[in-house]
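Down below is the structure, laid out as structure tokens.
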Amino acid sequence: MDTLDIGSMIQPFSDEQIHRDEGYYCWGPNLLKAEDGRYYMAYSRWPKATGVGGWLTDSEIALAVADQPVGPYTHLSVLLQGRGPGHWDELMAHNPKLKCFDGRYYLYYISSRPGPTKGHIRDSQRTGVAVSDSLTGPYTRFDEPIVVPAPPIYNVAVNPGVTRMADGRYLLIIKGDVTPKEPTEPFPQRLQALGIGESPMGPFTFLPDPAIADIDTEDASIWYDAWRNVYYAVFHAHKYIGLIASDDGIAWRRAQHYTITEKRLLKTDGSSLEPQRLERPSVFVEDGEPKVLCLGGSREDDWYCVLLPLG
16 MDTLDIGSMI QPFSDEQIHR DEGYYCWGPN LLKAEDGRYY MAYSRWPKAT
66 GVGGWLTDSE IALAVADQPV GPYTHLSVLL QGRGPGHWDE LMAHNPKLKC
116 FDGRYYLYYI SSRPGPTKGH IRDSQRTGVA VSDSLTGPYT RFDEPIVVPA
166 PPIYNVAVNP GVTRMADGRY LLIIKGDVTP KEPTEPFPQR LQALGIGESP
216 MGPFTFLPDP AIADIDTEDA SIWYDAWRNV YYAVFHAHKY IGLIASDDGI
266 AWRRAQHYTI TEKRLLKTDG SSLEPQRLER PSVFVEDGEP KVLCLGGSRE
316 DDWYCVLLPL G
């Protein structure tokens, strides 16, 4: 039953729920609880010396740790960087989703390769996975990406989310362009495609109908709510964070409580955080219930991870 109302669950937060690393832009947090009882946050970061747009060429995936799901988090290590010449993931590692299936850890990420223009680099982006028996690594990478553009998405295959379905298969949601283009042309509307695989590493077979195609969206993150017997995905649509739902993981609709939040977040001291960008949503679920709404926020040169308690 589609009863989840994340917007009404958001609690005021404090500065301890905002994570920054000195000298870096930080972005896109994703949480996982480990067997040691602590909470780990995978996130993207890139040096401020490279500029805001440096994510496309210089981002790395970092790991931080905390005793509580909302933090405060302390930077622990770097899990992945660009692998260098000769590899599909040469330049960077970005937008992580860290998952645990059957005791193994799967770090989904995107990467890029060099090109003569920013458009060429942008259109080189693909999705891969790195695997480890330990949450903290080391992670084994592979020679090829696990997702490349194919209808209904074109040009790029980025920002993956993966969950295990009720039948044991694996459901992928991923962003791409709605139409083909040349690298020198502006990118068109983006959509959220779906794929199903027998393994967390794929291969994933794309479904003909996207989860979202009517509006421009990014950064979908997916999970199966066993208590409600509903699949959910959060996403950002530039002006707000939204929620879609599905009974089978294949046919999607706007959730009953569709709009989660706009770009104004209430703090415990009564003030508000009003980022220019509020993106990369994901929901941390513990004991079957959403506990944290994870987001990337920014205003001008300040890019950070923000963890909103849910209750």
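Reading the sequence shown from the start, the letters are residues 16 to 326 in this note's numbering. Quick reminder that beta carbons are idealized off the backbone N, C-alpha and C, glycines included. Computed from a prediction, not measured in an experiment: that's the story for all the values here.
Buried or exposed (CB count within 10 angstroms, at least 16 for buried), residue i
i      : result
Tyr273 : exposed
Lys254 : exposed
Ala145 : buried
Ser74  : buried
Met16  : exposed
Ser236 : buried
Gly99  : exposed
Thr232 : buried
Euclidean distance between Cα positions of residue i and residue j
i      : j      : result
Pro305 : Ala172 : 27 Å
Pro324 : Gln204 : 32 Å
Pro84  : Thr199 : 43 Å
Met56  : Leu78  : 6 Å
Ile265 : Phe250 : 17 Å
Leu187 : Leu206 : 13 Å
Leu150 : Tyr120 : 6 Å
Trp70  : Arg60  : 8 Å
Leu95  : Arg269 : 35 Å
Asp138 : Glu159 : 16 Å
Glu50  : Pro201 : 45 Å
Ser261 : Asp224 : 13 Å
Ala36  : Leu308 : The amino acid at residue 36 is misidentified as Ala; the sequence shows Asp. The alpha-carbon atoms of Asp36 and Leu308 are separated by roughly 20 Å.
Glu289 : Val67  : 19 Å
Pro164 : Arg141 : 8 Å
Asp240 : Pro131 : 44 Å
Tyr124 : Leu19  : 28 Å
Leu322 : Phe28  : 8 Å
Arg53  : Ser23  : 27 Å
Check: residue i C-beta below 7 Å from any heavy atom of the ligand NAP
i     : result
Ala79 : Questions concerning the ligand NAP fall outside what the structure shown contains, since it holds no ligand whatsoever.
Proximity to residue i [Cα-Cα], best of the options
i      : options                           : result
Tyr169 : Gly183, Pro153, Arg184 and Ile189 : Ile189
Tyr40  : Ile161, Glu315 and Ala260         : Glu315
Trp267 : Pro164, Asp317, Tyr319 and Ala228 : Ala228
Glu31  : Gly86, Ser74 and Trp238           : Gly86
Glu294 : His34, Ser29, Gly68 and Glu277    : Glu277
Gly38  : Thr65, Trp103 and Tyr246          : Thr65
Tyr327 : Ile275, Leu122 and Lys196         : The question about residue 327 has no answer, for the chain in this structure spans 16 to 326.
Arg292 : Gly143, Gly43 and Ser23           : Gly43
Pro215 : Tyr58, Gly191, Lys112 and Arg128  : Lys112
Gly143 : Cys115, His109 and Thr132         : His109
Ser126 : Gln271, Trp103, Gly152 and Gly191 : Trp103
Which parts of the segment 234-302 are runs of the beta strand (DSSP E), unbroken and 3 residues or longer, counting only runs that do not cross its ends?
-> 245-251, 255-261, 267-277 and 292-301
Could you tell me whether the segment 295-305 touches the segment 279-287, where touching means 3 or more Cβ pairs closer than 8 Å?
-> The answer is no - the segment 279-287 does not touch the segment 295-305, with fewer than three Cβ pairs under 8 Å.
Entirely within the segment 147-201 and at least 3 residues each: give me those beta strand (DSSP E) ranges in chain order.
-> 169-179 and 185-192
Enumerate, from N- to C-terminal direction, the unbroken beta strand (DSSP E) stretches of 3 or more residues contained entirely within the segment 30-83.
-> 39-48, 54-62 and 75-81
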